[in-house]
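Residue 153 in full-length UniProt numbering is what sits at position 153 of the sequence shown, and the numbering runs on without skipping anything. Just so you know, even glycine gets a beta-carbon here, dropped at the ideal spot from N, CA and C.
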Amino acid sequence: MKKKVVLDILKEVEAGRLSADDALTRLKLEPIEELGFARVDLHRELRQGATEVIYGAGKTPEQISKIIGALMDNGAPTVLTTRMSQEAADYVAERHKLTYDPVSRVGIAGEMPEPDGVGTIVVATGGTTDIPVAEEAALTAEALGNNVKRLYDVGVSGIHRLLEHADDIVTARCIVAVAGMEGALPSVIGGLADCPVIAVPTSVGYGAAFGGVAALLSMLNSCASGLSVVNIDNGFGAGYLASMINHL
1 MKKKVVLDIL KEVEAGRLSA DDALTRLKLE PIEELGFARV DLHRELRQGA TEVIYGAGKT
61 PEQISKIIGA LMDNGAPTVL TTRMSQEAAD YVAERHKLTY DPVSRVGIAG EMPEPDGVGT
121 IVVATGGTTD IPVAEEAALT AEALGNNVKR LYDVGVSGIH RLLEHADDIV TARCIVAVAG
181 MEGALPSVIG GLADCPVIAV PTSVGYGAAF GGVAALLSML NSCASGLSVV NIDNGFGAGY
241 LASMINHL
């Protein structure tokens with residue numbers, strides 16, 4: 001149930017057009033829609049400010065489409081699906097308005113919201129191979145109503161590429177720094193920025209990178225203040241957290 005719906009009900013009670021008992025009945029409408037294979041949380045936006053997000057990996061195209069339908073039928077104008085296959089995107093696009101990015105495997109059903117965040121979220125990557133994870137973060141943030149500035153391939157092997165964007169770094173409201181290999185980029189950005197920095201280790205790198213574990217440990221051991229770390233390849237988690245910060 002959307003916050004506006006609840007507010008409208010309360011205004012009707014305040015104006016005397018709706019009894020308290022009738023308002024209670026309307027507010028107690030089932031917050032969960034049971035689909036058999038999923039229990040869709042229809043009150044997520046009311047509790048947390050954002051509609052439930054669908055994790056597409058492991059779900060069939062039919063399941064994803066039905067969950068999107070349940071959310072949109074109950075007032076969600078935008079539904080985000082992460083780790084969505086091309087097959088699922090093709091299936092859903094025949095039934096819902098869908099924007100799909102094959103690089104990040106993010107699907108956005110419905111309308112993109114107008115940005116209502118306080119400032120700009122910067123999403124930066126160490127290299128081009130980090131872009132799929134970075135785009136998951138960037139598209140998540142945009143689907144949640146944020147302006148996003150992308151700074152791609154600005155890693156420490158050519159630090160001048162990052163320093164060319166010093167203005168973007170010092171004016172950002174929040175920065176998502178995505179890197180594999182040794183994971184140095186977030187520490188460097190953290191030493192330049194006065195806003196929260198969210199570090200995202202990626203599974204990019206040769207053998208001793210251990211599928212992103214080396215970058216993860218490097219980021220966890222960073223000496224830069226104001227830096228937090230999400231899990232390996234978790235662009236969605238970084239984008240969601242950045243949106244929460246940008247809406248404070």
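Straight-line Cα distance separating A50 from A76: 9 Å
If you draw a straight line from the alpha carbon of V229 to that of P186, how long is it in whole angstroms? 9 Å
Whose C-alpha, out of G211, I245, A224, is nearest the C-alpha of I232? G211
If we ignore side chains and look at the alpha-carbon of each, how far apart do V176 and S203 end up? 16 Å
Determine the DSSP secondary structure at D194, reduced to helix, strand or coil. coil
Going by the beta-carbon positions, is the gap between T81 and I54 smaller than 7 Å? yes
Paired residues, beta bridge with T99 - DSSP: I108
Given that a residue counts as buried once 16 or more other Cβ atoms are within 10 Å of its Cβ, and exposed if not, what is S225? exposed
Answer yes if the stretch 120-127 comes into contact with the stretch 92-101, meaning at least three C-beta pairs across the two stretches below 8 Å, and no otherwise. no
Confirm, please, whether the CB-CB distance from G239 to A137 is below 7 Å. yes
Alpha carbon to alpha carbon, how far is M84 from P61? Give it in angstroms, no decimals. 9 Å
Any beta strand (DSSP E) of 3 or more consecutive residues that is wholly inside the UniProt domain "PurE" (119-248): 120-125, 147-151, 174-179, 197-201, 227-229
Would you check if the distance between the CB atom of D130 and the CB atom of G191 is smaller than 7 Å? no
Quick one: give me the first and last residue of the alpha helix (DSSP H) that residue 249 is part of. A query on residue 249 cannot be resolved here, the shown segment of the chain reaching from 1 to 248 and no further.
Assuming K149 contacts D168 (C-beta within less than 8 Å), just tell me the rounded distance between them. 6 Å
At the level of alpha carbons, what is the spacing between M219 and S104? 22 Å
So, at 6 Å on beta carbons, what are the nonlocal neighbours of D38 in its own chain, with the 5 sequence-adjacent residues on each side left out? Residue 38 is actually Ala in this sequence, not Asp. So the list reads I67, once near-sequence residues are dropped.
Locate the alpha helix (DSSP H) running through E34, then write down its first and last residues. Premise fails: E34 lies in the beta strand (DSSP E), 32-34, not in any alpha helix (DSSP H).
Cα-Cα separation, L163 to I64: 42 Å
Hey, V200 and G235 are a contact pair by Cβ (cut 8 Å); roughly how many whole angstroms apart? 6 Å
Run of the alpha helix (DSSP H) containing R44, from where it starts to where it stops: 44-48
Below 7 Å between beta carbons: does that hold for N221 and G117? no
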